[in-house]
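Engineer:
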Amino acid sequence: MQGNKKQLINALKDSNEIAEAKRLKLHSEIAEQRAARLLRNAEAYRIRIDNETAEQHAARLQRDAEAKRLELDSETAEQHAARLQRDAEAKRLELDSETAEQHAARLQRDAGAKRLKLDSEIAEQRAARLLRNAEAYRIRIDNETAEQHAARLQRDAEAKRLELDSETAEQHAARLQRDAGAKRLKLDSETAEQHAARLQRDAGAKRLKLHSETAEQRAARLLSNAETYRSRIDNETAEQRAARLLSNAETYRSRIDNETAEQHAARLQRDAEAHRRLRRPTMQTNAIDLAHIDEKEIIEFYCAQMNERCEFCNSLNFMGERPPDKKFTACCHKGKIDLPEQDCPEYLETLMNGVDHNI
Numbered sequence: 415m416q417g418n419k420k421q422l423i424n425a426l427k428d429s430n431e432i433a434e435a436k437r438l439k440l441h442s443e444i445a446e447q448r449a450a451r452l453l454r455n456a457e458a459y460r461i462r463i464d465n466e467t468a469e470q471h472a473a474r475l476q477r478d479a480e481a482k483r484l485e486l487d488s489e490t491a492e493q494h495a496a497r498l499q500r501d502a503e504a505k506r507l508e509l510d511s512e513t514a515e516q517h518a519a520r521l522q523r524d525a526g527a528k529r530l531k532l533d534s535e536i537a538e539q540r541a542a543r544l545l546r547n548a549e550a551y552r553i554r555i556d557n558e559t560a561e562q563h564a565a566r567l568q569r570d571a572e573a574k575r576l577e578l579d580s581e582t583a584e585q586h587a588a589r590l591q592r593d594a595g596a597k598r599l600k601l602d603s604e605t606a607e608q609h610a611a612r613l614q615r616d617a618g619a620k621r622l623k624l625h626s627e628t629a630e631q632r633a634a635r636l637l638s639n640a641e642t643y644r645s646r647i648d649n650e651t652a653e654q655r656a657a658r659l660l661s662n663a664e665t666y667r668s669r670i671d672n673e674t675a676e677q678h679a680a681r682l683q684r685d686a687e688a689h690r691r692l693r694r695p696t697m698q699t700n701a702i703d704l705a706h707i708d709e710k711e712i713i714e715f716y717c718a719q720m721n722e723r724c725e726f727c728n729s730l731n732f733m734g735e736r737p738p739d740k741k742f743t744a745c746c747h748k749g750k751i752d753l754p755e756q757d758c759p760e761y762l763e764t765l766m767n768g769v770d771h772n773i
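The numbering of the sequence shown is this note's numbering, which starts it at 415 and goes up by one.
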C-alpha cells in the first residue's frame, strides 16, 4: 500500500513538472514558433477528425458540448460579456472577409438550417419562440432612436414594396384573402373600448391625410371616389338599391336628430344657398349644363317615405325633412297656423281620386 501511494505521488509530481515545463516553453516561444505550433496542432487535429469513426465523432461532439456547457456555466458576468464581445468581433471579421460566393453559400446554409429547425419544433417550442421574438422586437422598437425609427420604416416599406411587386396573381389573391380573414377576426374579437379607440384613430389618421393632400391629390381622390361610387350604383340590384336608400335615409335622419342649433342653422343656410344657385342659372349656363350632364354622375338624394305625421295638423311629411325637435314647419309652422276645415273643390277631388264622372 505504501509503495502504491509513493508511486502515485511521484506520478503527480512528474505530471506537475511536465505541465510547468510546457507552460514555460509556451511563454518563451516567439511569434514564429507560436504560429508554427498552432499550425501543427491544427493539422494534427484535422487529421484526427478525418480519421475518426462515427462512434468517435459522436463521442467527441458530446465531450465538446459538455465541456462548452461547463465553461459557460462557470464563467462570471465579466467573462460572459468579454466572450460575447469576442464572438461578435470574430463574427464581424468573418462576415467582412467572405467573398460573394461564400456569402451566398452561408445564407443558403443558414436558411436551410433555420427551415429544418422550424419544421422540427413542437407547438410549445413554436409558441415560446414567437413570444421571445415578439418581446425582443418590442424592446428593440422601444429603444430605437428617431433616426433608427425612420430608417426601419423606410426599410420595411421598401421590403413590402418589393414583395408586392414580385408576387403572382395567385399569391396576390391569397394575400388579400388572408388579410381580409385576419382583419375580420381582429374586428370580431375587439371590445367596445377597442372598437371606439380604433374608430377614433382611423378618423384622426384620415383627417391628417386629407389635410396634407395637395390640390391634385384631392382632385384625383374625388374622381376615384366618384368613379367607384358610380360603378357600385350601376351594378347594384333592386334589393341593394332599396337597402342603400333606406340606410342613407336613416343615416341622414340620425344626423339631423343629433345636430345642434348651430349645425341646424348652418345646414339650412347651405341648403338655401344651394337651392338659390340651382333656381337662378342663366339660360346659357343652364343650356350648357343640360347638354353635358351625365345622370350617372349625379348622387341620388332620397329623403325616405312620406309617412311622418305632424303632431299638430296630421299632415304627412318626409322623414328626411324632419327637424331636430321632430316638429314640422312646412305644413303648419309647428302648430302656429290653424286653418279651418274646408270642402275640397269638386274638380280637385276628381283629380286626386282619379275619377271623372263626366266619362
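Here a beta-carbon is modelled for each residue, glycine too, at the ideal position from N, C-alpha and C. Keep in mind that this is a model prediction, so the values were computed, not measured.
Give a yes or no on whether the C-beta atoms belonging to residue 738 and residue 671 are separated by under 8 Å.
Structural biologist: Yes, the pair counts as a contact, with Cβ atoms nearer than the cut-off.
Engineer: Quick one: using the 10 Å Cβ neighbour count with 16 as the cut-off for buried, is residue 432 buried or exposed?
Structural biologist: Exposed: under 16 other Cβ atoms inside 10 Å.
Engineer: If you follow the alpha helix (DSSP H) that residue 516 is in, where does it begin and where does it stop?
Structural biologist: Segment 514 to 534, the alpha helix (DSSP H) holding residue 516.
Engineer: Could I get the ranges of all uninterrupted alpha helix (DSSP H) runs contained in the segment 562 to 602, with 4 residues as the minimum, in chain order?
Structural biologist: Within the segment 562 to 602, no complete alpha helix (DSSP H) run reaches 4 residues.
Engineer: How about residue 733 and residue 744: are their beta carbons less than 8 Å apart?
Structural biologist: The answer is no: Cβ separation not under 8 Å.
Engineer: Check whether the segment 614 to 624 touches the segment 675 to 693, taking contact to mean three or more Cβ pairs, one atom from each stretch, closer than 8 Å.
Structural biologist: Too few Cβ pairs lie closer than 8 Å, so no.
Engineer: Could you please give the first and the last residue of the uninterrupted alpha helix (DSSP H) stretch that includes residue 608?
Structural biologist: Taken as a continuous stretch (DSSP letters only), the alpha helix (DSSP H) holding residue 608 covers 606 to 626.
Engineer: Go ahead and label residue 523 buried or exposed: buried means 16 or more other beta carbons lie within 10 angstroms of its beta carbon, across all protein chains shown.
Structural biologist: By the 10 Å Cβ count, residue 523 comes out exposed.
Engineer: Output needed for residue 445: all residues of its chain with C-beta closer than 6 Å, excluding positions within five of it in sequence on either side, in chain order.
Structural biologist: Excluding residues within five positions, none has a Cβ falling inside 6 Å.
Engineer: If we ignore side chains and look at the alpha-carbon of each, how far apart do residue 736 and residue 721 end up?
Structural biologist: When rounded, the distance between both Cα atoms is 11 Å.
Engineer: Determine the contact status of residue 725 and residue 741, defining contact as a CB-CB distance below 8 Å.
Structural biologist: It is a contact, given that the beta carbons lie within the stated cut-off.
Engineer: Alpha carbon to alpha carbon, what distance is there between residue 550 and residue 684?
Structural biologist: Using only the alpha carbons, I get a separation of about 55 Å.
Engineer: Straight-line CA distance for residue 560 to residue 615?
Structural biologist: The straight-line gap from Cα to Cα measures roughly 22 Å.
Engineer: Would you mind giving the Cβ-Cβ distance between residue 489 and residue 500, rounded to the nearest angstrom? I have them listed as a contact below 8 Å.
Structural biologist: Residue 489 to residue 500, Cβ: 12 Å. No contact.
Engineer: Can you tell me which residues form a DSSP beta bridge with residue 722?
Structural biologist: BP columns for residue 722 point to 731.
Engineer: Quick check on the DSSP output: the alpha helix (DSSP H) that includes residue 716 runs from which residue to which?
Structural biologist: Element bounds for residue 716: n/a, residue is neither H nor E.
Engineer: Determine the DSSP secondary structure at residue 747, reduced to helix, strand or coil.
Structural biologist: DSSP places residue 747 in coil when its eight states are reduced to three.
Engineer: Taking the alpha-carbon positions, what's the residue 602 to residue 574 distance?
Structural biologist: If I take the Cα positions, the gap works out to 27 Å.
Engineer: Could you tell me the distance, in whole angstroms, from the CA atom of residue 650 to the CA atom of residue 660?
Structural biologist: The alpha-carbon atoms of residue 650 and residue 660 are separated by roughly 14 Å.
Engineer: How about residue 474 and residue 466: do their beta carbons lie closer than 8 Å?
Structural biologist: Yes, the Cβ-Cβ distance between residue 474 and residue 466 is below 8 Å.
Engineer: Is residue 740 helix, strand or coil when you go by DSSP?
Structural biologist: If DSSP states are grouped into helix, strand and coil, residue 740 belongs with coil.
Engineer: Beta-carbon separation of residue 520 and residue 512 under 8 Å?
Structural biologist: Contact flag set, yes.
Engineer: Hey, residue 558 and residue 546: beta-carbon distance below 8 Å or not?
Structural biologist: In this structure, residue 546 does not lie closer than 8 Å to residue 558 by Cβ.
Engineer: Tell me the DSSP secondary structure of residue 632 in three-state form.
Structural biologist: If DSSP states are grouped into helix, strand and coil, residue 632 belongs with the helices.
Engineer: What's the C-alpha gap between residue 579 and residue 585?
Structural biologist: Answer to the nearest angstrom: the Cα atoms are 11 Å apart.
Engineer: With distances taken between CB atoms, is the gap from residue 767 to residue 716 smaller than 8 Å?
Structural biologist: Going by C-beta atoms, residue 767 is not nearer than 8 Å to residue 716.
Engineer: Just curious, the alpha helix (DSSP H) that residue 752 is in, first and last residue?
Structural biologist: Residue 752 -> no alpha helix (DSSP H), and no H or E assigned at all.
Engineer: Are residue 535 and residue 543 touching if we call contact CB-CB under 8 Å?
Structural biologist: A contact, by the Cβ cut-off of 8 Å.
Engineer: How many Å lie between residue 686 and residue 645 at the Cα?
Structural biologist: Answer to the nearest angstrom: the Cα atoms are 31 Å apart.
Engineer: Output needed for residue 697: all residues of its chain with C-beta closer than 8 Å, excluding positions within five of it in sequence on either side, in chain order.
Structural biologist: The predicted position of residue 697 is uncertain, since its pLDDT is 46 and thus under 50; no value can be drawn from it.
Engineer: Cα separation between residue 746 and residue 758?
Structural biologist: Roughly 18 Å between the two C-alpha positions.
Engineer: Quick one: Cα of residue 613 to Cα of residue 606, how far?
Structural biologist: Their backbone Cα atoms lie some 11 Å apart in a straight line.
Engineer: Going by DSSP, what residue range makes up the alpha helix (DSSP H) through residue 553?
Structural biologist: Here the alpha helix (DSSP H) through residue 553 covers 537 to 557.
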